[in-house]
Amino acid sequence: MRLVLVGPPGAGKGTQAEFIAEHFAIPKISTGDIFRSNVSGGTELGRLAKKYMDAGDLVPDEVTNAMVRDRLAQDDAVEGFLLDGFPRNVLQARELDGIMASLDRSLSVVLDLEVDHDEVVRRLSGRRTCKQCGHVWHVEYDPTTRPDVCDKCGGALYHRDDDYPDTVRHRLEVYSAQTSPLVQFYDGRGQLVSIDALGTVEDVTERAIAALAPFA
Ligand code: AP5
Ligand code: ZN
1 MRLVLVGPPG
11 AGKGTQAEFI
21 AEHFAIPKIS
31 TGDIFRSNVS
41 GGTELGRLAK
51 KYMDAGDLVP
61 DEVTNAMVRD
71 RLAQDDAVEG
81 FLLDGFPRNV
91 LQARELDGIM
101 ASLDRSLSVV
111 LDLEVDHDEV
121 VRRLSGRRTC
131 KQCGHVWHVE
141 YDPTTRPDVC
151 DKCGGALYHR
161 DDDYPDTVRH
171 RLEVYSAQTS
181 PLVQFYDGRG
191 QLVSIDALGT
201 VEDVTERAIA
211 ALAPFA
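Under UniProt numbering, residues 1 to 216 are what the sequence shown spells out, in order.
Here it is, written out as structure tokens:
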């Protein structure tokens, strides 16, 4: 299955991506995670991306497109993949069409996670990420046993720099101006499946897997 996840910041794309990718045995490719690991590794790409990410803006298309093109050409993505965070505007969607055509492949489906504005703000303000293993927790919805210590690996948790209120507001504006048109774009092609992303993580995973099963 060649799957794209869309949805506003904090909809639960990263959370669901883990379960969906495992269920369908496909690699999870998250542009946000790739940028963050380049930032923490101090690479040239990370230095370039950081200023855009901290401001809540999109990293320029030419940088992001080249990174995704390289990743999708790797062997493990030939039979299928889950893309989380890409495409994020119509130009990136057209780039993805070009990448698929050059690999003689096509997208199977685009899964849209629907969640309201207030819930997005609640989810992002309480999110805590592990510095060591990258696991994502939530202070209220998915708390760790000890504050700010990861239950999976003992690593320290941090609050993402782009999860503070002013930047969240700006990311939501960027989403509605640049990314939400993708919902109509893929719907118009008959490639979109939307699910309600409110409720527990387990409920949403169940809905996602049921909606995607026909495309596996
Ligand atoms: P990215 O990392 O992709 O951020 P995002 O799209 O804003 O998405 P988030 O990671 O914030 O949220 P999510 O939907 O994954 O939610 P999560 O599962 O963590 O991108 C960051 C930046 O990188 C961008 O701003 C941009 O600068 C750059 N970038 C990335 N891709 C790019 C591209 N293609 N082009 C240009 N620039 C790009 O969940 C949130 C919280 O809620 C967690 O705490 C979780 O535990 C909790 N939670 C999840 N589900 C539930 C539930 N059902 N109930 C209760 N709590 C829940
Ligand atoms: Zn950890």
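Beta carbons are placed, not taken as given, at the ideal position from N, Cα and C, and that holds for glycine.
Note that the structure is a prediction, hence the values are computed from the model and not measured.
* Say yes only if the C-beta of residue 30 is nearer than 8 angstroms to one or more non-hydrogen atoms of the ligand AP5, and no if none qualify. => At least one heavy atom of the ligand AP5 is nearer than 8 angstroms to the Cβ of residue 30, so yes.
* To do: Check whether the Cβ of residue 191 sits closer than 8 angstroms to any heavy atom of the ligand ZN, and report yes or no.
  => Flag unset: Cβ of residue 191 not near the ligand ZN.
* Proximal residues to residue 191 (C-beta, below 7 angstroms), its chain only, five neighbours per side dropped -> Residues 107, 109 and 110 of the same chain have their beta carbon placed closer than 7 angstroms to that of residue 191, with the five preceding and five following residues left out of the count.
* Asked: So the beta strand (DSSP E) residue 28 belongs to, where does it begin and stop?
  -> Run containing residue 28: 28-30, per the beta strand (DSSP E) assignment.
* Do residue 131 and the ligand AP5 come close, with the Cβ less than 8 angstroms from some heavy atom? -> False, no ligand heavy atom lies under 8 angstroms from that Cβ.
* Would you kindly work out how many angstroms separate the C-alpha atoms of residue 140 and residue 103, rounded to a whole number? => In a straight line, the C-alpha of residue 140 is about 43 angstroms away from that of residue 103.
* Asked: For the 8 angstroms Cβ check, are there 3 or more pairs between the region 11-30 and the region 199-212?
  -> The answer is yes - the region 199-212 touches the region 11-30, with three or more Cβ pairs under 8 angstroms.
* Asked: If you drop the 5 nearest sequence neighbours on each side, which residues of the same chain put their C-beta closer than 8 angstroms to that of residue 48?
  -> Short of 8 angstroms from the beta carbon of residue 48, and not among the five residues preceding or following it, lie these beta carbons of its own chain, in chain order: 59 and 63.
* Asked: Quick one, are the C-beta atoms of residue 189 and residue 81 less than 9 angstroms apart?
  -> Against a cut-off of 9 angstroms, the Cβ pair of residue 81 and residue 189 comes out as no contact.
* **Paired residues, beta bridge with residue 111 - DSSP** => Under the DSSP definition of a beta bridge, residue 111 partners with 5 and 193.
* Which same chain residues, not among the five before or five after residue 119, have their C-beta less than 7 angstroms away from its C-beta? -> Here the set comprises 198.
* Contacting residues, own chain, Cβ-Cβ under 8 angstroms from residue 12 (five flanking each side not counted) -> For residue 12, where only same-chain residues beyond five positions count, the Cβ hits under 8 angstroms are 113, 115, 123, 197, 201 and 204.
* **Distance cut-off 8 angstroms: residue 155 Cβ against heavy atoms of the ligand ZN** => True, at least one ligand heavy atom lies under 8 angstroms from that Cβ.
* Asked: So, using beta-carbon positions, are residue 33 and residue 46 closer together than 9 angstroms?
  -> No, they are not a contact pair.
* To do: At 3 residues or longer, and completely inside the region 139-214: list those beta strand (DSSP E) runs for me, N to C.
  => 192-196, all fully within the region 139-214.
* To do: Name the two residues that bound the continuous beta strand (DSSP E) containing residue 128.
  => Boundaries of the beta strand (DSSP E) around residue 128: 127-130.
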